[in-house]
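Note sheet for the following structure.
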Amino acid sequence: MDSADLNVLRSVLEWRRAGRRVVLYSVVQTWGTAPRAPGAMLALREDGVVIGSVSGGCVEDDLIARLHDGRIPPDGPPVQLITYGVTREEAARFGLPCGGTLRLTEERVGDPGWVAELLERCEAHEIVARSLDIATGEVILQAANKSDVLSFDGHTLRAIYGPRWRLLLIGAGQLSRYVAEMARLLDFEVLICDPRSEFVYGWEEQHGRFVSGMPDEAVLTIETDERTAIVALTHDPRLDDMALLTALDSRAFYVGALGSRVNSLKRRENLAQLGLSSQAIERLHGPIGLHIGSHSPAEIALSLLAEIVAIKNGVELKQKKPLQEVV
0 MDSADLNVLR SVLEWRRAGR RVVLYSVVQT WGTAPRAPGA MLALREDGVV
50 IGSVSGGCVE DDLIARLHDG RIPPDGPPVQ LITYGVTREE AARFGLPCGG
100 TLRLTEERVG DPGWVAELLE RCEAHEIVAR SLDIATGEVI LQAANKSDVL
150 SFDGHTLRAI YGPRWRLLLI GAGQLSRYVA EMARLLDFEV LICDPRSEFV
200 YGWEEQHGRF VSGMPDEAVL TIETDERTAI VALTHDPRLD DMALLTALDS
250 RAFYVGALGS RVNSLKRREN LAQLGLSSQA IERLHGPIGL HIGSHSPAEI
300 ALSLLAEIVA IKNGVELKQK KPLQEVV
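Structural data, given as structure tokens:
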């Protein structure tokens with residue numbers, strides 16, 4: 000989940016606990032070009048206040064109008080299906096691109112217990128499936144896997160929720176500041192570990208959260224999972240390699256280290272001498288980032304995050320030149 004969807008659910012929980020009526024909209028199906036993917040959510044409070052988005056602004060005004068013109072009667076069914084953009088003319092009227100069509104569930108939120116439990120499990124870095132019975136409005140939460148995807152058979156919506164993607168930075172130097180700022184814009188939860196007190200000055204809280212201890216301890220402390228990326232950026236092998244020894248044997252989906260091709264080859268040799276398996280060493284990304292001719296810290300940060308996002312999104316990257324070929 001991204002923070003926008005988490006904020007929708009947090010608002011739903013807050014509003015319901017305050018006794019306000021809430022309708023939750025979820026994108027369940029799209030055809031053609033749709034502004035938001037299945038799973039996107041919007042919550043509508045009884046007074047017309049909204050949070051979230053299901054169409055990037057195309058149909059939100061009509062959803063609010065449904066509330067004010069009586070198309071959402073208080074005694075109506077617990078869940079309804081709404082479709083926008085069936086015809087090209089309707090798609091144009093609502094601003095849907097290229098004749099796109101999207102189908103939404105319009106769900107009256109009753110007991111918010113499932114919302115509280117779902118948020119708690121996401122905070123605990125669990126992946127959760129929420130099954131919504133369209134006929135009754137019943138919600139069931141179950142454990143899910145990272146390979147599970149949203150499904151809808153016309154009767155049951157099974158949506159997948161999970162924790163935000165995380166990025167652990169080893170080192171709090173200048174490059175890390177650029178990486179942290181860009182990563183936050185990409186909706187990563189940013190964590191920083193640097194036992195060197197000299198580098199802590201100037202880090203505002205909004206840039207990320209510091210994890211105490213040595214780098215290898217930090218990798219264990221955060222309970223690294225498949226939604227975690229770890230990058231060593233200190234240029235000090237005494238710190239970077241400590242983190243890598245633990246990170247490369249973890250479930251992190253990305254592990255990288257700053258350095259030239261020559262230094263990256265030396266680092267792999269050092270990790271092997273320290274007892275790390277060849278399979279684990281093969282997971283290391285180094286040099287980090289996509290090749291965009293980067294030189295400045297901001298450009299290096301951009302190339303690094305482009306590579307991380309591509310891997311997160313399942314994009315197959317062109318294989319880099321083997322390090323052994325470097326003279």
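Quick note: numbering that gives the first Met the number 0 has the sequence shown finishing at residue 326, numbered continuously throughout.
Idealized CB from N, CA, C, for every residue including glycine.
Model, not experiment: these values are computed from the prediction.
TODO: Take the Cβ of L243 as the centre, count every other Cβ of all protein chains shown within 10 Å, and call the residue buried at 16 or more, exposed below.
DONE: buried
Open item on the list: Judging by CA-CA distance, which residue of T220, T104, L140 and R163 is the nearest neighbour of L5?
Closed with: R163
Open item on the list: Three or more C-beta pairs under 8 Å: does that hold for the segment 53 to 64 against the segment 122 to 142?
Closed with: no
TODO: From the DSSP output, in three-state form, read off A271 for me.
DONE: helix
Open item on the list: Is it buried or exposed, D193, if we count other Cβ atoms within 10 angstroms and call 16 or more buried?
Closed with: buried
Task: Distance between beta carbons of I287 and G313, contact taken as under 8 Å - done: Actually they do not touch by this definition, with Cβ atoms about 19 Å apart.
- [ ] Starting from the C-beta of A246, find all residues in its chain whose C-beta is less than 6 Å away, skip the five residues before and the five after it, and write them out in chain order.
- [x] V218, I229 and V254
TODO: Look at the Cβ atom of L8, then the Cβ atom of L149, and state whether they are nearer than 8 Å.
DONE: no
Task: Run of the beta strand (DSSP E) containing I310, from where it starts to where it stops - done: Where I310 is concerned, there is no enclosing beta strand (DSSP E), although the alpha helix (DSSP H) it sits in stretches over P296 to K311.
Task: Close Cβ partners of V308 (< 6 Å) along its chain, the five nearest in sequence each way excluded - done: none
- [ ] Compute the distance between the beta-carbons of L156 and A182, then report whether it is under 8 Å.
- [x] no
Task: Neighbourhood of A251 by C-beta, 7 Å cutoff - its chain only, sequence neighbours within 5 removed - done: T223, T227, A228 and I229
Open item on the list: For the segment 64 to 83 against the segment 100 to 112, do three or more pairs of beta-carbon atoms, one drawn from each stretch, fall closer than 8 Å, so that the two count as touching?
Closed with: yes
Open item on the list: Assuming G170 and L131 are in contact, meaning their beta carbons sit under 8 Å apart, how far apart are those beta carbons, in whole angstroms?
Closed with: Contact doesn't hold; Cβ gap of about 44 Å is too wide.
TODO: Tell me whether R250 sits in a helix, a strand or coil according to DSSP, three-state version.
DONE: coil
Task: Residue nearest to Q79 in terms of C-alpha spacing, selected from D248, V58 and L23 - done: L23
Open item on the list: I need the straight-line Cα distance from V279 to T82, nearest angstrom please.
Closed with: Inspection of the sequence shows that residue 279 is occupied by Ala rather than by Val. Cα-Cα distance, rounded: 48 Å.
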